[in-house]
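J.: Residue numbers (this note's numbering): 49 to 269.
The structure is reproduced here in structure tokens:
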């Protein structure tokens, strides 16, 4: 039996999508609603199992990620540096400097690179080079507005390229990044660091002359 696809009224995970979405429900659905009362239309087989379970409401995404990453380094220190006009680097780290999160952003192309480092010996880098202006602004809005929810930073291709998921809590934010090279990384941000990071990104990304139709430009950092 074939399933007829339709456009949902509100797909808040992907503002710039250009194709039908098989399923998506608002993230503010009460957690105590029985699973059998929730929509269970599966995503395409290409979607990661974690996302398939989340969008069919078979798991609590935040709880599942917390189970996979029970102890996260807390980023409580933040420094920001401007490389060029509308290009900059954010350096977030633990108090002892053992773990760090480096975010490189280009406000012209919208390119974001996120690097998770541990003990200055291992770094995992994620490249988000497919974000439209709408993707970025919607993510910023939700990061500032939501509590006890999830915010997806990805573009039209969703999980087919590197992407990030933020699990939002009142007193902290857990940031998870996923790569197409089959590696993942995670860190916890304090409210102060989160606010500073969002303000920094908003300043880089905002421009009245921005042309969202132009493809991302390559950067060498």
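We put the CB at the ideal spot given by N, CA and C, even for glycine.
1) Using only the alpha-carbon positions, how far apart do residue 278 and residue 167 sit?
2) Does the count of Cβ pairs from the region 188–200 and the region 211–223 closer than 8 Å reach three?
3) Give me the Cβ distance between residue 165 and residue 150, rounded to the nearest whole Å; I'm assuming they're in contact under 8 Å.
4) Under 8 Å by Cβ, that's how I've got residue 95 and residue 121 pegged, so tell me the actual separation to the nearest angstrom.
5) Look up residue 232 in the DSSP assignment and say whether it is helix, strand or coil.
6) With distances taken between CB atoms, is the gap from residue 140 to residue 160 smaller than 8 Å?
7) Going by Cα to Cα distance, which pick from 101, 110, 117 and 91 is closest to residue 232?
8) Measuring only the C-alpha atoms, how far is residue 249 from residue 173?
9) Looking at residue 168 and the ligand HEM, is the gap between the Cβ and the nearest heavy atom below 7 Å?
10) Which runs of the beta strand (DSSP E) at least 3 residues long sit entirely within the region 194–242? Give them in chain order.
11) From residue 125 to residue 97, what does the alpha carbon distance come to, in whole angstroms?
12) To the nearest angstrom, report how far apart residue 206 and residue 169 are at their CA atoms.
13) Answer with buried or exposed for residue 200, where buried requires no fewer than 16 other C-beta atoms within 10 angstroms of its C-beta.
14) Look at the alpha carbon of residue 299 and the alpha carbon of residue 224, and state the distance between them as a whole number of angstroms.
T.: From the atom records:
1) The requested residue 278 does not occur in the structure, where the chain is confined to residues 49 to 269.
2) yes
3) On the chain shown, residue 165 is found 117 positions in, with the first residue counted as 1. On the chain shown, residue 150 is found 102 positions in, with the first residue counted as 1. Confirmed, Cβ separation roughly 7 Å.
4) Counting from one through the chain shown, the residue named residue 95 turns up at place 47. Counting from one through the chain shown, the residue named residue 121 turns up at place 73. At roughly 29 Å, the Cβ-Cβ gap does not stay under 8 Å, so residue 95 and residue 121 are not in contact.
5) Walking along the chain shown from the start, residue 232 turns up at place 184. Of the three classes helix, strand and coil, the one that applies to residue 232 here is strand, per DSSP.
6) Within the chain shown, the letter at position 92 stands for residue 140. Within the chain shown, the letter at position 112 stands for residue 160. Cβ atoms of residue 140 and residue 160: not closer than 8 Å.
7) The residue labelled residue 232 in the question sits at position 184 within the chain shown. Cα-wise, what sits closest to residue 232 is 117.
8) Against the chain shown, residue 249 aligns to sequence position 201. Against the chain shown, residue 173 aligns to sequence position 125. Those two C-alpha atoms are separated by around 18 Å.
9) The ligand content of the structure shown is nil, which means the ligand HEM is not present either.
10) 197–201, 211–216, 221–226 and 232–237
11) To locate residue 125, count along the chain shown from 1; it is residue 77. To locate residue 97, count along the chain shown from 1; it is residue 49. Their backbone Cα atoms lie some 34 Å apart in a straight line.
12) Translated into positions along the chain shown, residue 206 becomes position 158. Translated into positions along the chain shown, residue 169 becomes position 121. Going from the Cα of residue 206 to the Cα of residue 169 covers about 30 Å.
13) Within the chain shown, the letter at position 152 stands for residue 200. Per the 10 Å Cβ criterion, buried.
14) Residue 299 falls outside the range modelled here, since the chain spans only 49 to 269, and no answer is possible.
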